[in-house]
Amino acid sequence: MTVDPVLVAPEHKEEIKSTTCYMCACRCGIDVTIRDGQVRYIEGNPNHPLNQGVICAKGAAGIMKQYSPARLTQPLRRRKDSERGQAHFEPISWEETYDILEKRLSHIRATDPKKFALFTGRDQMQALTGLFARQFGTPNYAAHGGFCSVNMAAGMIYTIGGSFWEFGGPDLEQAKLFVMIGTAEDHHSNPMKVALSKFKRRGGRFISINPVRTGYSAIADEWIPIKPGTDGALLLALCHVLLRDKLFDESFVREYTNGGYLVNDDPQSPQFGLVIHNGIVPAVNPHRSHSQLWWDLTLNAAISNHAPGCEPALSGRYHLPDGTPVRPAFALLQERLESYTPAWAESITGISAQRIEALAIEMGTVALKQKITLPIKWTDSWGKKHDSITGNPVAFHAMRGLAAHSNGFQSIRSLSILMSLLGTIDRPGGFRHKAPYPRGTPPVYARNPMGPEAIKPNTPLAGAPLGFPSGPDELFIDKEGQPLRLDKAFSWEYPLAIHGMMHNVITNACRGDPYTIDTLMIFMANMAWNSSMNTTDARQLLCERDEKGEYKIPFLVVCDAFESEMTAFADLILPDTTYLERHDVMSMLDRPISEFDGPVDSVRVPILPPSAECRPFQEVLIELAGRLKFPAFVNDQGERKFKNYPDFIVNFQTEPNSGQGFLIGWRGKDADQSMVGAPNPDQWAQYEKNNCFYQHRLPLEQQYMRNWNQGYNQWAVTAKLRRYPDPVMIQLYAEVLQRFRLAARGHGERQPPESLRERIETYFDPLPFYYEPLESATSDKQRYPLSAITQRPMAMYHSWDSQNAWLRQIHAHNFLFVNTQTALAAGIADGQWMWVESAHGKVRCLCRHSQSVEPGTVWTWNAIGKAQGAWHLAENANESQKGFLLNHLLKDEILDSRGRLMSNSDPITGQAGWYDVKVSIRPAKADEKEQSFPQFKSMAPLPGRPRIDIPSQAYVAGKVHKK
Amino acid sequence: MSQLALVIDLNVCVGCQACVTSCKQWNTSGQAVALSDQNPYGADPSGTFFNRVQTYEVGTFPETDTIHFPKSCLHCEEPPCVPVCPTGASYKRKDNGLVLIDYDKCIGCNYCAWACPYGVRELDEKEKVMTKCTLCVDRIEDLSLDETQRKPACVLACPTNARLFGDIHDPESLVSQAIAQNEGYALMPEWGTRPANHYLPRRQASAIDRLLSETTEQQRRVKTPSDSEGQGS
Chain A
1 MTVDPVLVAP
11 EHKEEIKSTT
21 CYMCACRCGI
31 DVTIRDGQVR
41 YIEGNPNHPL
51 NQGVICAKGA
61 AGIMKQYSPA
71 RLTQPLRRRK
81 DSERGQAHFE
91 PISWEETYDI
101 LEKRLSHIRA
111 TDPKKFALFT
121 GRDQMQALTG
131 LFARQFGTPN
141 YAAHGGFCSV
151 NMAAGMIYTI
161 GGSFWEFGGP
171 DLEQAKLFVM
181 IGTAEDHHSN
191 PMKVALSKFK
201 RRGGRFISIN
211 PVRTGYSAIA
221 DEWIPIKPGT
231 DGALLLALCH
241 VLLRDKLFDE
251 SFVREYTNGG
261 YLVNDDPQSP
271 QFGLVIHNGI
281 VPAVNPHRSH
291 SQLWWDLTLN
301 AAISNHAPGC
311 EPALSGRYHL
321 PDGTPVRPAF
331 ALLQERLESY
341 TPAWAESITG
351 ISAQRIEALA
361 IEMGTVALKQ
371 KITLPIKWTD
381 SWGKKHDSIT
391 GNPVAFHAMR
401 GLAAHSNGFQ
411 SIRSLSILMS
421 LLGTIDRPGG
431 FRHKAPYPRG
441 TPPVYARNPM
451 GPEAIKPNTP
461 LAGAPLGFPS
471 GPDELFIDKE
481 GQPLRLDKAF
491 SWEYPLAIHG
501 MMHNVITNAC
511 RGDPYTIDTL
521 MIFMANMAWN
531 SSMNTTDARQ
541 LLCERDEKGE
551 YKIPFLVVCD
561 AFESEMTAFA
571 DLILPDTTYL
581 ERHDVMSMLD
591 RPISEFDGPV
601 DSVRVPILPP
611 SAECRPFQEV
621 LIELAGRLKF
631 PAFVNDQGER
641 KFKNYPDFIV
651 NFQTEPNSGQ
661 GFLIGWRGKD
671 ADQSMVGAPN
681 PDQWAQYEKN
691 NCFYQHRLPL
701 EQQYMRNWNQ
711 GYNQWAVTAK
721 LRRYPDPVMI
731 QLYAEVLQRF
741 RLAARGHGER
751 QPPESLRERI
761 ETYFDPLPFY
771 YEPLESATSD
781 KQRYPLSAIT
791 QRPMAMYHSW
801 DSQNAWLRQI
811 HAHNFLFVNT
821 QTALAAGIAD
831 GQWMWVESAH
841 GKVRCLCRHS
851 QSVEPGTVWT
861 WNAIGKAQGA
871 WHLAENANES
881 QKGFLLNHLL
891 KDEILDSRGR
901 LMSNSDPITG
911 QAGWYDVKVS
921 IRPAKADEKE
931 QSFPQFKSMA
941 PLPGRPRIDI
951 PSQAYVAGKV
961 HKK
Chain B
964 MSQLALVIDL
974 NVCVGCQACV
984 TSCKQWNTSG
994 QAVALSDQNP
1004 YGADPSGTFF
1014 NRVQTYEVGT
1024 FPETDTIHFP
1034 KSCLHCEEPP
1044 CVPVCPTGAS
1054 YKRKDNGLVL
1064 IDYDKCIGCN
1074 YCAWACPYGV
1084 RELDEKEKVM
1094 TKCTLCVDRI
1104 EDLSLDETQR
1114 KPACVLACPT
1124 NARLFGDIHD
1134 PESLVSQAIA
1144 QNEGYALMPE
1154 WGTRPANHYL
1164 PRRQASAIDR
1174 LLSETTEQQR
1184 RVKTPSDSEG
1194 QGS
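In order, the protein sequence lines correspond to chains A and B. Per the numbering used here, the very first residue in the first sequence carries number 1; after that it's consecutive. Per the numbering used here, the very first residue in the second sequence carries number 964; after that it's consecutive.
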């Protein structure tokens, strides 16, 4: 090869444009080289704060997504002569599509708005999709968080006022010890990789606690295998040792947690277990009182919390002047932790008591003996001035590994409490928040409706579809205590389901429990495959008819960019664009890309024109909102206010003249304001000029201790990140949960139905506790002795990438990884066909022996297996013939202790417990078919998209002549 | 004479495969031949990749290590693939030590692939010529690129900065220091091929690690016009 410095012949035109990736939800800045109108190269943008120039395997394979033959290219309507699921469609125009939707939706809106349900698989457009639902007037809206990681969000937000991923994370630049628990590779992936490498090279010690050693765990200095679903037991035992050995940050606990707050200790009182509120404190936040009491040992009396010169007792029993017996919340925590010894945890987790002891001591020692002190002056929420910021450099990260268990909320509360005892919250080297967090514990910015009067025809919903209930009064239920949302979120069944419960929607709608609906609109969610716990049932339910012969879900609209399994079931398909063909925002109203040192938001701009008839889903929503005359989308004359999505983004304000919109950068007529300011018609151009992001760096004195940082919180209110500047107190003791528990005990106006009293009493414990995940607790462990879990491979993101010619060469089919000893004991050879079976279903798959998985666990890569014919793959493609979906072993419902069917979910948050399943394994017989099981009838190709056998392809951008 | 090479740090490689696809996309539209894919949407898809990551386990549970091992042409100093080439298509550049293939001369006879003890040459099924890593010669020598961008695509992509690029004949270079201070090793020295690429083993952090951490920090912290230090306080 001779080297020719002129790489591209002069007749070829090349240019580089910046935008934001969306090959997964990480949202890295990318530079896209376009050659003669085709994508030549996608690289990380070195000027972008999130990925700092790097890119991942998915991002670098974006070309194959853009030009995939699986793209949907035109609106399609199910043929009248065909059944749902057959995938027999006819093309229609967008005008006709809009007419159909306008007619149907305006009728629903005028009659019973809750009969329209909108659920989205991707959760980073929620500010718009949520607004659409709210303006429509339906509460039946959510993204996929209930299936994904709501336990992580709820468990942490209700305890420390923020959570991992977009809203906070480990400060690996300053940490000395990093502990990662469970699978977490797929969230915040590139920044985590960048930080992890630097952390290791700085000499940091990395411990991974995970049933499986893969992904990031591969480079851990130490791997501690653990049994799935037992993390809570480990975390509580760690807390036990920290308290026993006084290895916790006592002054942090006194000042910044509710550990010193006095709790009513009179079991006869209707206030039992509630924090006493009668100190003298000005009301800063009308929804959250800060008038709790401390017990001052010097005065031997109750005093207002944070009274100058005082400090609270953390132990003891006291009486208030009116005779009420009280105890500091911390004393209750200490009592609770007494029985959670390392020896107790050993039998549950499979980790030796010795190792647990040593781990706790290492954490406590690094936290207390290797403190970091930064010479940064700051003032706390009580006006006390500090000369420095202290850091206890132990950092943690966790995501779905902890979350996707039905005991996940309490496990994650236990993790949050461990992090708080170590004194690591929003401090250097520990956990740090990212704007718009921290917010309250729980926040008040989004408040869900609380009764049936919130739903009225032709009227926006009175409240946000998703909020943060702080007690029974804030549940969304009717007078009889019955659910008002289709998915039963915010009902007595799942009170803190703050991300909704997408996994209940199809089952509930078909059963008419709590009611039937008319139209279900699904955006980018593969409910007929990997986004359901009951995949086979869900596919049948989507086709189920009532006694009149009508589909039980009468109208199903699916918007996606690709021929997924779900599109086969649509009545109407809306072809979405790819990420390279659209405007988009990573908004502060939603899930932005903020850094530890301040808010950051970003945009996506079109690099290429939309392919064929594709239209961005955002544009569809803006168009429909105008046609349906939603109040926020029309002017006083009832005329459409926004001509398109970019226009909407620039001009929409949360309230008239609030100055708060979707984007924080370059606001104001002269583009000289940030966070808040008048709309700027030139805003998109400013973002484009600036690598598609806006970064606001906080002054140093506002970068830490933000839960209790006066300067930060006052600024956060002016910046409209928070409603009120009150401190965000860490809830070692979760008073919110006690409110529910008191209701279960017969106190208050709103009490749970009889059948749910015991459940609420059990799980709504204000102190962290461990219980076995619901499904494994009720499984026959003789018959199903193993746990089965999944992880996402770093080179693939869910089902999104099966259509990608390059990525599918890395993972075309999956194996079930089984510990070698376990497999041999079952008589299964490496590479052999085998059966894995649960109480709900069975799967035939290929076995891979492994030494990197603890013997009681089997696992596989998530959603590599596909249904035959889906994703425009050949009928003999590996994905359907050798690949498999573990979801076939799951069940969306479970019998509770009273024999009633409940969602197989965390009883507090409704998080799908899809890591809880127990299984058995056996070899497939020699004469069996060498094919994965179950199989489904092949999905028919779509009109104009015949599946052509492409024996070979070689992509060259711009068709440059090659030898 | 300089010898360009990759030094791959197994201590931080998480096996994410970013190097694999970034290499593919750069090179398929680059100056090398197009990198074809067979059965791209069918059974057993396969294609030409200049770089692949192999993952394997070492040890017995629970003392198990999972190793992600990226592998591409090692640009040997004594490349066995060159002398066996009947047409002279395979050659080693004198100025920088790159082992390259002249596609005009390659007849796809496969001798070089058989001679290579590392299995890193791939005959493109469509083009019927031999292909392999060029260290992105069309990037590293493209003077129209910003100097920071004159690196192989895989090096720029790698999220953990596990791939270091430089001249191993220059004892002062970062790659030479990384090899010297971290027991960097070459693959299968018994073959006498003297591979230029080296690997850094799993280890406790060392002085060079801190230097690497700082160097990448400096490279990546680029000030942007939208920085607004302290604004809003």
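Each residue gets a CB set at the ideal place from its N, CA and C atoms; glycine is no exception.
Own chain partners of residue 888(A) with C-beta closer than 7 Å, once the 5 adjacent residues on each side are dropped = 535, 536, 841, 843 and 934
key: Span separating the alpha-carbon of residue 777(A) from that of residue 182(A)   = 20 Å
message = With a threshold of 7 Å on Cβ separation, who are the neighbours of residue 1196(B) within its own chain once the five nearest residues in sequence on each side are excluded?
response = Any answer about residue 1196(B) is weak, because its pLDDT of 30 lies below 50 and its placement is not dependable; what the coordinates show is given next. If we look at residue 1196(B) and ignore the five residues flanking it on each side, it has no Cβ neighbours.
task = Starting from residue 1161(B), follow its DSSP beta bridges and name the residues at the other end.
result = 970(B)
request  = Would you please verify whether the beta carbon of residue 1089(B) is less than 8 Å from any beta carbon of chain A?
outcome  = Among the CB atoms of chain A, one or more fall inside 8 Å of the CB of residue 1089(B).
Contacting residues, own chain, Cβ-Cβ under 6 Å from residue 979(A) (five flanking each side not counted) = There is no way to answer for residue 979(A), as the model of chain A reaches only from 1 to 963.
message = Below 8 Å on the Cβ atoms is my contact criterion, and I expect residue 868(A) with residue 938(A) to pass it. Report the Cβ-Cβ distance as a whole number of Å.
response = 4 Å
ask   = Out of curiosity, what's the CA-to-CA distance linking residue 627(A) and residue 111(A)?
value = 17 Å
message = Looking at the ligand HEM, does it come within less than 7 Å of residue 90(A), judged from the CB to the closest heavy atom?
response = Annotation note on the ligand HEM: not contained in the displayed structure, which lists no ligands.
query = Since residue 413(A) is in the alpha helix (DSSP H), which residue starts that stretch and which ends it?
reply = 408–421
key: Beta carbon of residue 531(A) nearer than 8 Å to that of residue 147(A)   = yes
ask   = In whole angstroms, what is the alpha-carbon distance linking residue 606(A) and residue 638(A)?
value = 31 Å
task = Drop a sphere of 10 angstroms on the beta-carbon of residue 15(A), count the other beta-carbons inside from all chains shown, and report buried for 16 or more, exposed for fewer.
result = exposed
query = Looking at chain B, which residues of the stretch 845–859 of chain A have a Cβ within less than 8 Å of any of its Cβ atoms?
reply = Cβ contacts with chain B come from 850, 851, 852, 853, 854 and 855.
ask   = Using the rule of at least 16 other Cβ atoms within 10 Å of the residue's Cβ for burial, across every protein chain shown, is residue 1019(B) buried or exposed?
value = By the neighbour-count definition (other C-beta atoms within 10 Å, threshold 16), residue 1019(B) is an exposed residue.
inquiry  = Between residue 1173(B) and chain A, is any beta-carbon pair separated by less than 8 Å?
reply    = Chain A contact via Cβ: present.
key: Own chain residues within Cβ distance below 8 Å of residue 340(A), not counting five before or after   = 233, 236, 237, 239, 240 and 770
key: Distance, residue 1053(B) Cα to residue 4(A) Cα   = Low local confidence applies: a pLDDT of 42 at residue 4(A) is under 50, so the model's placement there is unreliable, and no value is given.
message = Runs of 4 residues minimum, wholly inside the stretch 449–513 of chain A: which ones carry the alpha helix (DSSP H) assignment?
response = 505–511
inquiry  = Against chain A, does residue 1020(B) count as a neighbour if the rule is that its beta carbon must be under 8 Å from one of theirs?
reply    = With a threshold of 8 Å between beta carbons, residue 1020(B) makes contact with chain A.
Chain A contacts from the stretch 971–992 of chain B (Cβ-Cβ distance under 9 Å) = Listed by position along the chain: 972, 973, 974, 975, 976, 977, 978, 979, 980, 981, 982, 983, 984, 985, 986, 987, 988, 989, 991 and 992.
query = If you count every other CB in all the chains shown that lies within 10 Å of the CB of residue 951(A), and 16 or more means buried, which is it?
reply = exposed
inquiry  = Here's a check: name, in chain order, each residue in its chain whose Cβ is nearer than 6 Å to the Cβ of residue 948(A), leaving out the five neighbours to either side.
reply    = none
query = With which residues is residue 120(A) paired in a DSSP beta bridge?
reply = 523(A)
key: Residues sharing a beta bridge with residue 558(A), DSSP   = 522(A) and 573(A)
Proximal residues of chain B, C-beta to C-beta of residue 794(A) below 8 Å = 977, 978, 979 and 980
ask   = So which residues on chain A does residue 1025(B) lean against when the C-beta distance must stay under 8 Å?
value = 223, 225 and 854
ask   = What does residue 43(A) reach in chain B if we use C-beta pairs closer than 8 Å?
value = Chain B residues near residue 43(A): 985, 1116, 1119 and 1120.
ask   = What residues in the stretch 192–216 of chain A bring their beta carbon closer than 8 Å to a beta carbon of chain B?
value = Of all residues in the stretch 192–216 of chain A, 193, 194, 196, 197, 198, 200, 201, 202, 203, 204, 213, 214, 215 and 216 have a Cβ within less than 8 Å of some Cβ in chain B.
inquiry  = Restricting to Cα atoms, I'd like to know which of 846(A), 409(A) and 795(A) is closest to residue 772(A).
reply    = 409(A)
inquiry  = residue 376(A) and residue 172(A) - do their beta-carbons sit closer together than 8 Å?
reply    = no
message = Below 8 Å on C-beta distance, what does residue 949(A) contact in chain B?
response = By Cβ distance, chain B contributes 1005.
message = Measuring CB atoms only, is the stretch 994–1004 of chain B touching the stretch 1082–1089 of chain B, in the sense that at least three cross pairs come out at less than 8 Å?
response = A contact exists between the stretch 994–1004 of chain B and the stretch 1082–1089 of chain B.
task = Kindly indicate which three-state DSSP category residue 709(A) falls into: helix, strand or coil?
result = strand
request  = Would you kindly report the start and end of the unbroken alpha helix (DSSP H) that includes residue 1141(B)?
outcome  = 1137–1144 is the extent of the alpha helix (DSSP H) around residue 1141(B).
query = Which chain A residues sit within Cβ distance under 9 Å of residue 1002(B)?
reply = Going along chain A in sequence order, the residues near residue 1002(B) (Cβ under 9 Å) are 874, 877, 949, 950, 951 and 952.
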